[in-house]
Each structure stands twice: as structure tokens, then as C-alpha cells.
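Written out below as C-alpha cells is the structure these notes cover.
Protein chains in written order, with this note's numbering: chain Z, 1 to 579; chain B, 1001 to 1284.
Right, dumping it as C-alpha cells:
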């Protein structure tokens, strides 16, 4: 969606690369082969680093594993070079999962350290395991069968693989998997609440990118023709990692250009060879400080396009019925005897609440009374110490990623959006659980991938029309105003056609007109049979739209009843409403 | 044999512990974990060897100059890689900026100094029952513990450090010069890492390979001991050193690296806050 001809830059790059041999210079072809081999690895790593935001800085370990696996299988005569590449891919996938495993628990610096430690160990094992790897003496790299054994044949083979990797990662990037990855990077909590399982998605991506890295390793061994552990310096890891960051996260064209740039850079002048890693590092420092978005951010025209001023959000509540039609005689969402303490603080101290389909239930109370905590328990971010939440007779258990499948959607007190993604992509994340295509089908762009994309996009367009911000569909979310982000979160929640919708202070920061329209929208959502739990401080909105209201104070129910009962309740008036 | 393993282990462990303290001192002041910690440790050895062996300075001048140089590198880290990043919205970019600076330090040293380990001067000379390469790191570690304790408990600046570490916003609201204290912390951290490299010079030599090595093995005690917890870091560091040497003797080098790495991952997966505890963070 970024430009009218998204494939054009890639076609130009690969056409130019395919025409390179016409220059008749073997050395140029050698450099180009190296760039292609690197890109096979970087394209996969890009999903981990650029999309997933996982700082895997020791990825050379997977190149090493792939190179040795291929070389050993061929040198011992167990397999031909091409089947050995497939074995390497499998080994790489497993190794990728092992390196990636810590990412499920460890954050940024810790994970970076873990990948660094893994890289050190792989090199040490390669040195010490002399019986298999030849230790410091090394081992011959595999030779591919004819016609791939000539320099030209090998180059075209690598180029074809590089093109294939580009296509596969482009497919992933433009799918629910790619969006969810970016979501985990920039808005983890919201993305999990949309039903994305962080562990499953990250493991899948680590498997995929480990396999690509190991294939690159096999090609690398062929290119080197002889490998020793010295060939796999940490400098290579740095090159791969920095190529992605210079290219820009969440982009594929950027890191492709970055890889080409960093491969060519040391060739431009002899002194640059010794200083190449220093230069890469300096480049990284400059990029991080001056242009955290990388090359891709420079190429992205949406940053500069002018948005109209005085934009108005005019929802179309009448369209809600075309999206959601839920029966109201479904089981209710029931909270019973809920207790939750943080250390010595009792955040929720024995709460009972029933959210019925087709009702708006208000949850009000002073700051710190446990309103948002209640929502967080329902969405699975906190596990209650006593009591629980159930829908009908089925208790809710498990983490936040399990709620979307049950039709429970929510918004957040501070909007949680992916700034670099477009509005419609942000909204489409809401429907991630509706997708049917597996990761493998997406990688190969099989029919179910296309039908998923079509369904999600149509659905997202419909949600945006209901909310009334369809004109902004293709804009970056970080350019939106606060109120637009709030409404965008509602659109994202509507993607599920939710049975229960939890709204956390949706009116905060909205203008009086917008609050009125929000009220009409909430009423329409209720009329469609959805149960809405509304946490709010705008008392007028609460009394306007709610069927029932629960007032919290210090984690306990202070009062519950219809709006008119609450308005007359003495303690509520003195503790909260004022009067 | 046993005592030699124990002493080598304790000495190396003391160096790891000092690098761990370096991480902690920087983290306390800025919430930043910096990849430069181990590199400055490496620089402590390299600058020391350069001043004393190549420029023939007396130790009494070379040693303070080494610490001063490393403190300056610490300040440089703060100015170049930390300040611009934590002023912005995406504070986690510090991982990348400090990584970039650490790589630059390492490459610069590799090209301008040497990629091969170089000899490091003897500091005290003969006359002790135990070789100085064993007790110097331990002495340095003890000096840093005592020094930090005195600084934190008995000086106003030290209390200000603690206040910043405890609650940055509240400390700033009280009018503490947060930026000045952060620069001072980075200078202090640089000097501690430099001391580690200098005191461990006889043991580790002046080699660029020490940079990444100390980065990793100095971080393991941070992870095990709990971020920001200096006591945990020192206990874990010493234990790590002894374990490493003992296992090295019993099973050989590769096994040790794999074992340490596996232990590091397992502990972090099971107890991300470390064995001695660190403050939890809020997600939602």
C-alpha cells in the first residue's frame, strides 16, 4: 500500500543484479554473490529484528551451524549438496528456535546478551569438536552439482534464492502474521489482547528465520570453498544486524538496500576494509540517534503528506447492526468474589459484577478504586487470587491471548497503536484470530492467505466506516490526533464482532461533541446485542448510556443499580459524584 | 592444585564482579544497560599496558591516568550513546547506541593497539607468598565494595545517587541535578571497569578479546544477582569465577562455556529478576 507499484523497486534491483555478469568482471560477480547470500540470511532475520523488534545480535551462530551442517554432510558423502542444504535448513530451524526461546521471557538487552552468548558457544564448539568440524584446520565447503558449480551458475542460484526469500518475507509482512509481529513490537499488550499468542508467533518466526540463515550458511560455505571457525567472526553478525537497522524496521526494501550497501561499502576503498566494522558501528550510532526509522523512513512518503485540518469524526451508528448481530439471550460475563492484591495493596477486594449481553454496564469510582484492574483481570493480564470470571458456566483461564477467541475485545486507557503502521493495518490486527491460513500458507501465498487478507481488509474498512475515520485508512497511525486514536481502538475492537466489549475511559480527552457521538455509538453497539463494560469518569455519558452502574471504592462495590438509583445514592454522592 | 584453581577462580570472579558493578552503577543512574561495560574493562588493561610498558610511565602516574582515561570513556558513553537516546521517546534504543559505541571502541583498539594479547606490567613485584595476579583483583574488588558503601552511606553525593536510582522523577522534583549525577555515575562506572581491567591485567593480559568476554561474563552476575543489586552481583561474580575454573579443570573449556550459558538462560527464564531480586515492572 506504500506506493502504487510496490513490486517495482524489487524488480529493478533484481533485474540489475541479474544483468551484472554482463559487465564481465568476475570480482563484481563475487561481491554480488556475497550480497545475495547475506540477503538470504538477513531477509529472515529481518522478520525477527525489524518486524518482531527482537534484538538478535548474534545471528552469525546460525550461519555457522548451516555452513558446518552442509559441509559435513557433503564431505562425509552422506548427501549431495542440495539435499544437504535442506538438512541444514532443518538444523537451522531447530537452532533458531533454541536461540529464540529466551525471547519469550527476556527483554531487549537480556535477549541481546543471550544471542551473543550463543554465538560465542557455537564458535567454541566448532573449534573443539575436531572430529566433525576439523577444528581450527577447517573443512571443505560443499560443491553444488552442475550447472551450479560455475561462478555464474552459483551466482544465479543465489540470486534466485534471494529473490525467493524477498517474495516470501513480503508475503509474511503483508499478512496477519507480519502485522501481529509489528504489533508485539510496538503495542505488545494490545496485540496480545487481540488474541495473538506471543510465544507461538515468535517461535514460528524464529524457526523460519533460522532455516533461512542456515541455508545462507550452506551457500556461504560453498562461496568460501573452505571454512574454519575464523570465517564466522562477530563482525558478520554486526553486518547482518546493522543492515536491518540502517534499512529501517518494519520494511523489506530498506534492509535489502542496507545489505547491498554494507556489502559493497568495504570494496570502495582499500583502507575501508580494516575499518569496515568501525564504520558500520558509527553508521548505526548515527542512525539510532538521527533517524531511528532508517532508510525506509526516508522513502516513506506518507510521513510528509499533509493531512486535512479540522477533521471531524462522524461515526455511523446505524451501520453497527450490519456488522454485529448477537443474540441477547446468551450467557452473561460474570465476575464473582474477585480478590487481587499487589503486595500489601488490595486492588480488588471482593467484587461481584454481571455483564449481560445487550446491556451497557458502567464501572465508575475514584482513581485507584480498581476499575482498570478489573478490566485487566477480565482480559487475562492479571490472574485473580480468589474468585474468578466466567462466561455462563465456562470459567475464563489462561493468558490475555485467549480472550479474543471468546469474543471479548477491549480498548485501553492510553490508546495503544502501532505508530508506523497505517490506520487500516492497525484495525486489521483486531481480526487476527479470524485468519485461517497457516504461516506456511502465508509464506507461499496460497489461496487461503489471499482470502484471509481480503476478508480482514473488507471487515476493517467496514469498521472504519462505522467509526467514521475511513478517510484516514491509509495514513500512519502516529499522525492521528488523540481522539482519532481512541475511535481507532474501538474500530479495532469491533473487528471481532465482540460479544463483550470493554471500554477503558473511551471519552477521556474527547470534545463534548465527540462524547455525544461516542454515546450514540455505544448505544448502537448495545442494540446489536453486545455487552459493553464502560469504565468512565464522564458522569454524564455514564448516566446517558448505561443500563446499570457499579460504583467502586478501594476495590470494593460501594453501590450498584440503575443510573437513577446511583444518582440518588448518598455515599456515592459524597464519595465520588459530589454534590 | 586445588588452591590454584580456587585463587584463579576468585581472581577472575572478582573481575567479573567489578564489571557487574559497572553495569549496575550505570543502570542505577540512567536505567540503561550498556554494552560498553566490558569494553571499558578491556580498555583498563590496554591503556595501562600502553602507558606503563610503551610510554614507560611510572606506575604511580600510569595507574591514576588509566582510571582517568576510563572515567573519560564513561562520560563519553553518557554523552554520545545515552543522553540523546533517553531524551527521546524510544528509550530502549540504548541497546543499539551502546552496542554501536562498544563496537567502535573494540575496533578502534584492534586497529590502533593490536588484535593479539599484549603483556601487562607487574605492579607490585615479587615478595608475596601469593602472586599479585591473584590478589590484586580481589583487593580491587574489596576496595570498590568499601568505597561504594562509604560513598552511598556517608556522603551527600552518594545519597543523591541512591535517590536517583530509587525514583528518578521524585529526585528531579526535589531539585537534584539528575544530569550531573548521571555523568558522575558514568565516570564512576568507567573508573570501576578500568580498575577491573588494570587489576586483572596480569591475569587477562592487554587484549581486545577481553571486551566481549567481560561484557558477557560480567553481565551473568548482573542477571543472576538481580539488576542493580551490587551485593548479589559480587557474590554471583565470585561464584561464577570459581565454578568456571573448577569446571574448566574437571571437564575442559567448551563444556564450561556451554554450562555457564545454559545456567544463565535457565536462571533468567525461571527467575527473570535474578536470584537475589530486583524491582518488578508493570505491564498494563
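Idealized CB from N, CA, C, for every residue including glycine.
Under 8 Å by beta carbon: chain B residues contacting residue i
{"i": "residue 102 of chain Z", "result": "1265, 1268 and 1269"}
{"i": "residue 550 of chain Z", "result": "Neighbours of residue 550 of chain Z on chain B: none; closest Cβ ~21 Å, over 8 Å."}
{"i": "residue 275 of chain Z", "result": "1107 and 1111"}
{"i": "residue 105 of chain Z", "result": "1268, 1269 and 1272"}
{"i": "residue 116 of chain Z", "result": "1212, 1215 and 1216"}
Listed by chain order, chain B residues near residue i by CB distance under 9 Å
{"i": "residue 124 of chain Z", "result": "1253, 1254, 1257 and 1258"}
Status (buried if at least 16 other CB within 10 Å, exposed otherwise) for residue i
{"i": "residue 176 of chain Z", "result": "buried"}
{"i": "residue 488 of chain Z", "result": "buried"}
{"i": "residue 500 of chain Z", "result": "buried"}
{"i": "residue 59 of chain Z", "result": "buried"}
{"i": "residue 2 of chain Z", "result": "Summary for residue 2 of chain Z: the model assigns pLDDT 43, below 50, so the residue's position carries little reliability, and this model does not support an answer."}
{"i": "residue 150 of chain Z", "result": "exposed"}
{"i": "residue 401 of chain Z", "result": "buried"}
{"i": "residue 553 of chain Z", "result": "buried"}
{"i": "residue 47 of chain Z", "result": "buried"}
{"i": "residue 186 of chain Z", "result": "buried"}
{"i": "residue 277 of chain Z", "result": "buried"}
{"i": "residue 1174 of chain B", "result": "exposed"}
{"i": "residue 361 of chain Z", "result": "buried"}
{"i": "residue 449 of chain Z", "result": "buried"}
{"i": "residue 273 of chain Z", "result": "exposed"}
{"i": "residue 512 of chain Z", "result": "exposed"}
{"i": "residue 1061 of chain B", "result": "exposed"}
Contacts of residue i in chain Z (Cβ-Cβ under 8 Å)
{"i": "residue 1095 of chain B", "result": "55, 108, 109 and 112"}
{"i": "residue 1328 of chain B", "result": "Residue 1328 of chain B cannot be examined here, being either before or after the span of chain B that is shown, 1001 to 1284."}
{"i": "residue 1084 of chain B", "result": "289"}
Straight-line Cα distance separating residue j from residue i
{"i": "residue 371 of chain Z", "j": "residue 510 of chain Z", "result": "20 Å"}
{"i": "residue 131 of chain Z", "j": "residue 87 of chain Z", "result": "20 Å"}
{"i": "residue 443 of chain Z", "j": "residue 171 of chain Z", "result": "6 Å"}
{"i": "residue 1280 of chain B", "j": "residue 1273 of chain B", "result": "Reliability of the predicted coordinates at residue 1280 of chain B is poor, the pLDDT of 48 falling under 50, and the value obtained from them is presented with this limitation in mind. Going by the C-alpha atoms only, they are around 7 Å apart."}
{"i": "residue 1113 of chain B", "j": "residue 1046 of chain B", "result": "8 Å"}
{"i": "residue 15 of chain Z", "j": "residue 39 of chain Z", "result": "16 Å"}
{"i": "residue 97 of chain Z", "j": "residue 1250 of chain B", "result": "31 Å"}
{"i": "residue 32 of chain Z", "j": "residue 240 of chain Z", "result": "16 Å"}
{"i": "residue 1020 of chain B", "j": "residue 1215 of chain B", "result": "9 Å"}
{"i": "residue 1093 of chain B", "j": "residue 288 of chain Z", "result": "7 Å"}
{"i": "residue 156 of chain Z", "j": "residue 145 of chain Z", "result": "14 Å"}
{"i": "residue 365 of chain Z", "j": "residue 497 of chain Z", "result": "28 Å"}
{"i": "residue 1257 of chain B", "j": "residue 115 of chain Z", "result": "14 Å"}
{"i": "residue 1243 of chain B", "j": "residue 1022 of chain B", "result": "22 Å"}
{"i": "residue 1053 of chain B", "j": "residue 1059 of chain B", "result": "10 Å"}
{"i": "residue 1133 of chain B", "j": "residue 1192 of chain B", "result": "18 Å"}
{"i": "residue 1229 of chain B", "j": "residue 1027 of chain B", "result": "10 Å"}
{"i": "residue 11 of chain Z", "j": "residue 256 of chain Z", "result": "12 Å"}
{"i": "residue 102 of chain Z", "j": "residue 118 of chain Z", "result": "11 Å"}
Per-residue contacts from residue i into chain B (C-beta, under 7 Å)
{"i": "residue 121 of chain Z", "result": "1257, 1258 and 1261"}
{"i": "residue 245 of chain Z", "result": "1096"}
Residue-chain proximity (residue i, chain C), Cβ-Cβ < 8 Å
{"i": "residue 338 of chain Z", "result": "No chain C appears in this structure, whose protein chains are Z and B."}
Residue i: contacting residues in chain Z (beta-carbon distance under 7 Å)
{"i": "residue 1092 of chain B", "result": "108"}
Amino acids of chain Z, ordered along the chain, whose beta-carbon sits closer than 9 Å to that of residue i
{"i": "residue 1249 of chain B", "result": "Going along chain Z, no residue has its Cβ under 9 Å from residue 1249 of chain B, so there is no contact; the nearest lies around 16 Å."}
{"i": "residue 1018 of chain B", "result": "The premise fails here: residue 1018 of chain B is roughly 18 Å from chain Z at the closest Cβ pair, so nothing lies under 9 Å."}
Contact test: residue i Cβ vs the ligand NAP heavy atom, cutoff 7 Å
{"i": "residue 1167 of chain B", "result": "In the structure on display, the ligand NAP does not appear, and there are no ligands present to speak of."}
I'd like the ranges of any alpha helix (DSSP H) spanning at least 4 consecutive residues and lying wholly in the stretch 444-497 of chain Z.
447-467 and 482-494
What residues in the stretch 371-405 of chain Z have a beta carbon less than 7 Å from any beta carbon of chain B?
376 and 381
Identify every run of the beta strand (DSSP E) within the stretch 529-562 of chain Z, keeping only runs that are complete inside it and at least 3 residues long; order them along the chain.
531-535, 548-553 and 556-561
Any residues in the stretch 1102-1131 of chain B with a beta carbon nearer than 7 Å to a beta carbon of chain Z? Which ones, in chain order?
1103, 1104, 1107, 1108 and 1111
Short of 7 Å Cβ to Cβ, which residues in the stretch 279-292 of chain Z face chain B?
281, 282, 284, 285, 288, 289 and 292
In chain order, what are the residue ranges of uninterrupted alpha helix (DSSP H) at least 4 long that sit wholly in the stretch 150-200 of chain Z?
151-173, 176-186 and 188-193
Quick one: which unbroken alpha helix (DSSP H) runs of 4-plus residues sit fully inside the stretch 273-346 of chain Z? Chain order, please.
294-299 and 320-323, all fully within the stretch 273-346 of chain Z.
At a Cβ cut of 8 Å, what residues of the stretch 206-238 of chain Z count as close to chain B, listed as they run along the chain?
Flagged, chain order: 234 and 238.
List in chain order: all unbroken beta strand (DSSP E) runs of 3+ residues lying wholly within the stretch 338-423 of chain Z.
345-355, 360-364, 386-391 and 408-410
For the stretch 68-84 of chain Z, which residues have a CB atom closer than 8 Å to at least one CB atom of chain B, in sequence order?
none
At which residue ranges does the stretch 1206-1251 of chain B contain complete alpha helix (DSSP H) runs of 4 or more residues, listed in the order of the chain?
1210-1225 and 1230-1251
At what residue ranges does the stretch 22-110 of chain Z contain a whole run of the beta strand (DSSP E), taking only runs of 3 or more?
Taking only runs of at least 3 residues, no beta strand (DSSP E) segment lies wholly in the stretch 22-110 of chain Z.
Residue ranges of each beta strand (DSSP E) within the stretch 1014-1041 of chain B, 3 or longer:
none
Contiguous alpha helix (DSSP H) assignments of at least 4 residues, all confined to the stretch 1124-1209 of chain B
1132-1154, 1156-1166, 1168-1173, 1178-1199 and 1201-1204
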